[in-house]
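> Okay, here's the structure, questions in a sec.
2 protein chains.
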Amino acid sequence: MNRKAFNRINYGLFLVGSVLEGKYQGCVVNSLHQITSSNPAKFSLSLNKSNETYKAVEAAGSFAATVLERGTPKELVDLFGYKSGRVVDKYEGFQVETDGAGNPYVKDHALARISCKIVDKLDLGSYVLFVCEATEAEVLGEGPAMTLDDYRGEGGATPAAATVVRIVEEVAWRCTICGYIAERETLPDDYRCPICRAPKDKFEKM
Amino acid sequence: MNRKAFNRINYGLFLVGSVLEGKYQGCVVNSLHQITSSNPAKFSLSLNKSNETYKAVEAAGSFAATVLERGTPKELVDLFGYKSGRVVDKYEGFQVETDGAGNPYVKDHALARISCKIVDKLDLGSYVLFVCEATEAEVLGEGPAMTLDDYRGEGGATPAAATVVRIVEEVAWRCTICGYIAERETLPDDYRCPICRAPKDKFEKM
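Written out as structure tokens, the structure is:
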């Protein structure tokens, strides 16, 4: 079994948002997919249970997702892919609107927005696979969608917090402050988290 | 609800194969996705029940999938995406190997091969969502993966038989010979199926 094979798959990137206790929670995922062409169309969304957005989607029973355009700044993906909603308000400074269920979505760099309600779910251990029905959908832009390969091409690693295709190398280190994962054997003494600047001693071996 | 929003999503393209009653069945899908990064990794696969490959995967409880490379000839995608295993042997003429469970995979234009066994499933009406565990995985090539946008960029419509993101336009016509779907209001009198050359009177309105 060569798990690097999994990394050959390309995916679209999406920004998924929901609300938990009045606070917006959102993250970048590659795990939103249309799974039927019935009407209403069904989608699946896989989220890691440790994720704040998972908790919000689970509680709200719905979410809004935007399809990110190619050329979306790496900073936006990094912010929503690596930083935790526990420590930052990711939505500050963006054009944010809400759908009929109150879920937030960022209009910046969005090609389309699809809102969904959860109709079923499968517990997969550390992940939950939600089965959803589209409740609202609108086109917001033209042009190609951003893919994981596009993002990697700009020097980004697969976002850690929310996506599921990241290759887990033999050794990796997780930043206990922001959740960033450094996939490397060792961290130099002067290492700092590229996202939140936490020093080496804030990293734990995975 | 503007269903065109769904079309903004980009997907990888895969060739999925299994065996039914000793015969290889396979099709092109965009609906294979990694859904956990646990070990073994889990994947989901959504298939339309009318599809011969669905019947094979359902019966065999397993399948082999290859990740298609960018630059995969449109003819290969058309063959596995539009023709039915009921009428042609799609595997003829390709470099075909089988995995440990006997499932066929085409090495031509493959970046990776992932074999999976079904561990759970959700009935979605006209589709079934299979939850699977990877049993074998190998890297077969280097370079970027083919996406639906790449394929559309070459003038291809979304493969009809196996994928689920195709926009159903107001009016579409299905070729009763090979299953090709023409998404247009009317068919000219001299219209011929671009896949199997069937004339206009072999098309039925959807």
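Protein chains in written order, with our numbering: chain A, 1 to 206; chain B, 207 to 412. We put the beta carbon where it would ideally sit given N, CA and C, even for glycine. This one's a predicted model, so the numbers in the text were calculated from it and none came from an experiment.
Quick one: what does DSSP say residue 121/A is sitting in, helix, strand or coil?
Sequence index remark: in the first sequence, residue 121/A carries index 121 (1-based). DSSP places residue 121/A in strand when its eight states are reduced to three.
> Classify residue 99/A: buried if its beta carbon has 16 or more other beta carbons within 10 angstroms, exposed otherwise.
Translated into the one-based positions of the first sequence, residue 99/A becomes position 99. Residue 99/A should be labelled buried.
> Kindly confirm or deny that the region 256-265 of chain B and the region 273-282 of chain B touch, where touching means at least three C-beta pairs closer than 8 angstroms.
no
> Using three-state DSSP, classify residue 208/B as helix, strand or coil.
Working through the second sequence from its first residue, we reach residue 208/B at position 2. Coil, per DSSP.
> Pull up the DSSP beta-bridge partners for residue 195/A, would you.
Counting from one through the first sequence, the residue named residue 195/A turns up at place 195. In the DSSP output, where bridge partners are listed per residue, residue 195/A has none listed.
> Can you tell me which of the three DSSP states residue 300/B falls into?
Stepping through the second sequence from its first residue, residue 300/B is reached at position 94. Of the three classes helix, strand and coil, the one that applies to residue 300/B here is coil, per DSSP.
> Indicate whether at least one CB of chain B lies closer than 8 angstroms to the CB of residue 120/A.
Looking up residue 120/A in the first sequence gives position 120. Interface residue, yes.
> Counting only runs that start and end within the region 217-288 of chain B, where is the beta strand (DSSP E) found for 3 or more residues in a row?
220-226, 229-235, 238-240, 248-254 and 268-274
> Interface residues of chain B around residue 6/A at Cβ under 8 angstroms?
The residue labelled residue 6/A in the question sits at position 6 within the first sequence. 240, 247, 318, 320, 340 and 343, listed in chain order.
> If you count every other CB in all the chains shown that lies within 10 Å of the CB of residue 310/B, and 16 or more means buried, which is it?
Along the second sequence, read from residue 1 onward, the residue named residue 310/B stands at position 104. Under this definition residue 310/B is a buried residue.
> Alpha carbons only, please: which of 56/A, 26/A, 146/A and 202/A is nearest the one belonging to residue 94/A?
The count along the first sequence starts at 1 and reaches residue 94/A at position 94. Here the closest residue by C-alpha is 26/A.
> Helix or strand or just coil, what does DSSP make of residue 168/A?
As a first step, residue 168/A must be located in the first sequence, where it is residue number 168. Reliability fails at residue 168/A, whose pLDDT of 37 lies under 50, so the model's placement of it is uncertain and no value is given.
> With residue 310/B as the anchor, note down where its beta strand (DSSP E) starts and where it stops.
For this step, residue 310/B is matched to residue 104 along the second sequence. First-last of the beta strand (DSSP E) with residue 310/B: 310-312.
> At a Cβ threshold of 8 angstroms, is residue 290/B touching chain A?
Residue 290/B sits at position 84 when you count from the first residue of the second sequence. Chain A contact via Cβ: absent.
> Tell me, please, whether the region 213-226 of chain B touches the region 191-200 of chain A by the rule of three or more beta-carbon pairs shorter than 8 angstroms.
Not touching, per the Cβ criterion.
> If you reduce the DSSP assignment to three classes, tell me which class residue 140/A lands in.
If you number the first sequence from 1, residue 140/A lands on position 140. In this structure, residue 140/A counts as coil in the three-state DSSP scheme.
> Closer than 7 angstroms by beta-carbon distance: list the chain B residues that pair up with residue 9/A, in chain order.
For this step, residue 9/A is matched to residue 9 along the first sequence. The contacting residues are 218, 240, 273 and 351.
> Are residue 353/B and residue 147/A close, meaning C-beta to C-beta below 8 angstroms?
As a position in the second sequence, residue 353/B is number 147, starting the count at 1. As a position in the first sequence, residue 147/A is number 147, starting the count at 1. Going by C-beta atoms, residue 353/B is nearer than 8 angstroms to residue 147/A.
> Can you name, in chain order, every residue of its own chain whose Cβ lies under 6 angstroms from the Cβ of residue 314/B, other than the five neighbours on each side?
Translated into positions along the second sequence, residue 314/B becomes position 108. So the qualifying residues of the chain are 300 and 301.
> So which residues of chain B does residue 103/A contact, with C-beta pairs closer than 9 angstroms?
Residue mapping note: residue 103/A aligns to position 103 of the first sequence, counting from 1. Those within 9 angstroms of residue 103/A in chain B number zero; the least Cβ separation is about 15 angstroms.
> Could you give the distance in angstroms between the alpha-carbon of residue 270/B and the alpha-carbon of residue 331/B?
Looking up residue 270/B in the second sequence gives position 64. Looking up residue 331/B in the second sequence gives position 125. Going by the C-alpha atoms only, they are around 24 angstroms apart.
> Report the CB separation of residue 12/A from residue 67/A in whole angstroms; it is logged as a contact under 8 angstroms.
As a working mapping, residue 12/A is identified with position 12 in the first sequence. As a working mapping, residue 67/A is identified with position 67 in the first sequence. The pair is a contact, with the Cβ atoms about 6 angstroms apart (cut-off 8 angstroms).
> Is it right to say residue 48/A is buried, meaning 16 or more other beta carbons lie within 10 angstroms of its own, or is it exposed?
The residue given as residue 48/A occupies position 48 in the first sequence. Counting the other CB atoms within 10 Å of its CB gives residue 48/A a total of 16 or more, which places it among the buried residues.
> Ignore the nearest five residues each way along the sequence and tell me which others in residue 325/B's own chain have a CB closer than 8 angstroms to its CB.
Translated into the one-based positions of the second sequence, residue 325/B becomes position 119. Excluding positions up to five away in sequence, the list reads 248, 337, 338 and 339.
> Identify, in the order they occur along the chain, each residue of the same chain with its Cβ nearer than 6 angstroms to the Cβ of residue 59/A, setting aside the five sequence neighbours on each side.
Looking up residue 59/A in the first sequence gives position 59. So the list reads 20, once near-sequence residues are dropped.
> Going straight from the alpha carbon of residue 165/A to that of residue 186/A, what length do you get?
Locating residue 165/A in the first sequence gives position 165, counting from the first residue. Locating residue 186/A in the first sequence gives position 186, counting from the first residue. Residue placement at residue 165/A is poorly supported in this model, since its pLDDT is 40, which falls under 50; the coordinates are not used for a value here.
> Which of the three DSSP states is assigned to residue 205/A in this structure?
What you label residue 205/A is simply residue 205 of the first sequence in a count that begins at 1. Strand.
> Is it right to say residue 308/B is buried, meaning 16 or more other beta carbons lie within 10 angstroms of its own, or is it exposed?
Taking the first residue of the second sequence as position 1, residue 308/B is located at position 102. Exposed.
> Is any beta-carbon of chain B found at less than 8 angstroms from that of residue 50/A?
What you label residue 50/A is simply residue 50 of the first sequence in a count that begins at 1. Chain B, which has no Cβ nearer than 8 angstroms to the Cβ of residue 50/A, makes this no.
> Quick check: is the beta carbon of residue 29/A nearer than 8 angstroms to any beta carbon in chain B?
As a first step, residue 29/A must be located in the first sequence, where it is residue number 29. False, the Cβ-Cβ gap to chain B never drops below 8 angstroms.
> Below 7 angstroms CB to CB, which residues in the same chain sit around residue 241/B once its five sequence neighbours on both sides are set aside?
For the purposes of this step, residue 241/B is identified with residue 35 of the second sequence, where counting begins at 1. Contacts found: 248, 249 and 250.
> Following the continuous beta strand (DSSP E) through residue 178/A, name the residue where it begins and the one where it ends.
Translated into positions along the first sequence, residue 178/A becomes position 178. Premise fails: residue 178/A is in no beta strand (DSSP E) and is neither H nor E.
> Measuring CA to CA, which of 355/B, 351/B and 380/B is closest to residue 8/A?
Numbered from 1 along the first sequence, position 8 holds the residue referred to as residue 8/A. The shortest C-alpha separation from residue 8/A is found at 351/B.
> If we call anything under 8 angstroms between Cβ atoms a contact, is residue 175/A one with residue 205/A?
Walking along the first sequence from the start, residue 175/A turns up at place 175. Walking along the first sequence from the start, residue 205/A turns up at place 205. Result no, Cβ atoms of residue 175/A and residue 205/A do not sit closer than 8 angstroms.
> Tell me the DSSP secondary structure of residue 213/B in three-state form.
In the second sequence, counting from the first residue as 1, residue 213/B sits at position 7. Reduced to three states, the DSSP call for residue 213/B is helix.
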